[in-house]
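For the sequence shown, position 51 matches number 62 in the numbering used here, and the numbering has no gaps at all.
Glycine included, C-beta positions come from ideal geometry on N, C-alpha and C.
Have a look at the structure below before the remarks.
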Amino acid sequence: MASDLSRRFAGPADLHLHSNHSDGTEAPAEVVRQAHAHGLRTIALTDHDRTTGWTEAGDAAAALGMTFLPGMELSAKHEWRSVHVLGYLFDADDAALGAETARIRGDRIGRAERIVRSIGRDYDLSWDDVLAQTTLDATVGRPHIADALVARGIVRDRTEAFDGILHPREGYYEPHYAPDPLTAVRLITGAGGVAVIAHPVTAGRDRMMPVSFLERLIDAGLGGFEIDHRENTAEGKRLLRDIAARHDLIVTGSSDYHGTGKPNRPGENTTDDDMVQRLIDRATGTAPRFP
Ligand code: AMP
Ligand code: FE
Ligand code: FE
Ligand code: ZN
């Protein structure tokens, strides 16, 4: 979308924040207020597999003189790896993308119920406990199960739940349906958005997709990598910067804020102005909301 310099975005940018429309703990407007209080002036709301928070977040951002980029973190899967693909500025009414996110959200519910039934054989936990931790028909995930475990006094916080009961090694874990990353990139791009792989190089070598596969994603229209993220390894960041430079990709930095659900604070990583501008210029699906 051609950029209008008189409507330039407003500066310090954090392009990965979650609200209670997925697994963040705060309503979209509160997420925006927190971001503003941490000095941010450009933000994207990127709830997992849904876009229902855009209007509230956009309104809150406009009221605070901030620039708002609509976004989403689309669940994908490469072999056994869970892969998250951030999508920015795509058309929320795109039928193909909408059908896929509906399918993912639907499968996440059955999967969460199976996990809870399995945990419930060993701990005092029921599906109602989990429902009590979700709002607004949110995208259900393990964080909500973690919150139910906290409410039951079984663990202290989400971190303890993920390090223990929810860790795959404990045997309660189940995957949920998610598309192949190539499909995810094509869906976002097909809806006029820009696709950016979230936290692509977290600890554990097997969590990183092979470079040859990353190059296939680039050929399929991948726009960039989220490099400055607290869970990316130093070695992985160097590797990604190298690949991004070779392919002239967008690189972003973000907090992945989840309210009180994670230690990540808004603005702990930010995205450079020129990269925000490239994102905006590349998208055709929807415009950012300028103040
Ligand atoms: P799921 O998609 O249901 O498998 O759950 C994965 C989600 O859990 C991710 O979106 C993370 O935001 C969240 N998560 C992963 N590890 C942790 C952790 N240690 N503490 C809090 N949240 C976490
Ligand atoms: Fe999350
Ligand atoms: Fe993620
Ligand atoms: Zn995230």
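Endpoints, alpha helix (DSSP H) assigned at residue i
{"i": "A87", "result": "Careful: A87 lies outside any alpha helix (DSSP H), inside the beta strand (DSSP E) at 78-89."}
{"i": "S223", "result": "222-230"}
{"i": "G201", "result": "192-201"}
{"i": "D168", "result": "Per DSSP, D168 belongs to no alpha helix (DSSP H) and is neither H nor E."}
{"i": "Q45", "result": "39-48"}
{"i": "H258", "result": "245-258"}
Local Cβ density within 10 Å of residue i, reported as buried at 16 or more and exposed below that
{"i": "E90", "result": "exposed"}
{"i": "R197", "result": "buried"}
{"i": "V222", "result": "exposed"}
{"i": "H178", "result": "exposed"}
{"i": "S17", "result": "Any reading at S17 must be qualified, since the residue scores a pLDDT of 48, below 50, and its modelled position is unreliable; the value itself is stated next. That one is exposed."}
Residue i, DSSP secondary structure in three states
{"i": "E237", "result": "strand"}
{"i": "V96", "result": "strand"}
{"i": "D292", "result": "helix"}
{"i": "A206", "result": "strand"}
{"i": "T112", "result": "helix"}
{"i": "T66", "result": "helix"}
{"i": "G121", "result": "helix"}
{"i": "S61", "result": "Note on identity: in this sequence residue 61 is Arg, with Ser being the wrong assignment. Here R61 sits in coil by DSSP."}
Boundaries of the beta strand (DSSP E) in which residue i is found, first to last residue
{"i": "D25", "result": "24-28"}
{"i": "T53", "result": "53-56"}
{"i": "G278", "result": "Looking at the DSSP string, G278 is not in any beta strand (DSSP E), and its letter there is neither H nor E."}
{"i": "T263", "result": "261-264"}
Minimum C-alpha distance to residue i - residue among the options
{"i": "T145", "options": "T281, S30, K273", "result": "S30"}
{"i": "A209", "options": "T297, Y268, T112", "result": "Y268"}
{"i": "I229", "options": "E84, L75, A214, T200", "result": "T200"}
{"i": "A256", "options": "D284, K273, E226, G270", "result": "E226"}
{"i": "P190", "options": "G109, L260, G270", "result": "G109"}
{"i": "N291", "options": "L100, S93, N243", "result": "Checking the sequence, you will find Ile at residue 291 rather than Asn. Cα-wise, what sits closest to I291 is L100."}
Cβ distance (whole Å) where residue i is taken to contact residue j below 8 Å
{"i": "Y188", "j": "I115", "result": "6 Å"}
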